[in-house]
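Below is one structure; the comments refer to it alone.
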Amino acid sequence: MLNPLQVLQERNESSSFLQPLAFTLLAIFLVLLYTWYSSTKTTTQKSTQPPSPPKLPIIGNLHQIGSYTHRSLQALSQRHGPLMLLHFGSVPVLVVSSAEAAREILKTHDLAFSDRPKSTIFEKLLYNYKDVATAPYGEYWRQVRSICVLNLLSNRRVRSFRSVREEETKSMIRNIKTHHHLF
């Protein structure tokens, strides 16, 4: 006949072995589930986003931009195509490096790209986005732009600054000639 204490003791011994095993199996299952979920999510995101070079946490793709930004972007676009997604820190930046792609974006997707990114600095310094350069696209921006076009960019006003534009153009050409190796 079996002693009830012996049965309980045998159960405790077998369960002390099974508890760590069950915990280990559960942990492995959760890791595999997370890996599968994150890989399917990444694949879905990558199929809807433009190509992107590998990025680092926190700085994004800033490490791939050299001191000559235009040359770095050209080299990246030769590898990743005319449309690519970069991350400058945590800010996503769509880089368009062909005239055809730019035309397509500006013609057919103009409303999606018409607004400006929000920034706490602009909000504080520029009175809650009340200037024409950082105001969000909408009725207020259209009114401010209309005032600028009618008063600041009228034909008479533009003609009055012709000599200034010509002098600045000459200065820029001289600067390019003397520093052509930088371009």
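Counting from 1366, one number per residue, gives the positions in the sequence shown under the working numbering. The beta carbon of each residue, even a glycine, is placed where N, CA and C say it ideally should be. Predicted, not measured: the structure shown is a model, and the values here were computed from it.
Helix, strand or coil, according to DSSP, for residue i in the structure here?
| i | result |
| --- | --- |
| P1385 | helix |
| F1453 | strand |
| L1448 | strand |
| V1310 | Here the chain covers residues 1366 to 1548 and nothing more, so residue 1310 does not appear. |
| L1518 | coil |
| G1421 | Here the sequence assigns Leu to residue 1421, which means Gly is not the residue at that position. Correct three-state label for L1421: strand. |
| R1468 | helix |
| S1437 | helix |
| Y1402 | helix |
| S1479 | coil |
| T1499 | coil |
| Q1414 | coil |
Quick one: what's got a C-beta closer than 7 angstroms to residue i's C-beta in the same chain, skipping five residues either side?
| i | result |
| --- | --- |
| Q1429 | P1418, S1437 and L1441 |
| Y1502 | S1479 and D1480 |
Just mark residue i as buried or exposed, buried being the case when its beta carbon has 16 or more other beta carbons within 10 Å.
| i | result |
| --- | --- |
| N1583 | In the structure as shown, the chain begins at 1366 and stops at 1548. Residue 1583 is therefore absent and cannot be evaluated. |
| G1454 | exposed |
| L1401 | In the sequence under discussion, the amino acid at residue 1401 is Trp, which differs from the Leu named in the question. Per the 10 Å Cβ criterion, exposed. |
| A1477 | exposed |
| N1426 | buried |
| A1392 | exposed |
| T1499 | buried |
Once you ignore the five residues that flank residue i on each side, which residues in its own chain have a CB closer than 6 angstroms to its CB?
| i | result |
| --- | --- |
| A1466 | P1447 and L1448 |
| V1458 | L1451 |
| L1518 | none |
Along the alpha helix (DSSP H) that carries residue i, what are the first and last residues, could you check?
| i | result |
| --- | --- |
| K1535 | R1527 to T1543 |
| Y1505 | E1504 to I1512 |
| I1430 | I1430 -> no alpha helix (DSSP H), and no H or E assigned at all. |
| K1489 | T1485 to L1490 |
Whose C-beta lies closer than 8 angstroms to the C-beta of residue i among residues of the same chain, with five residues either side of it excluded?
| i | result |
| --- | --- |
| V1461 | P1447, L1448, A1467 and I1470 |
| R1507 | none |
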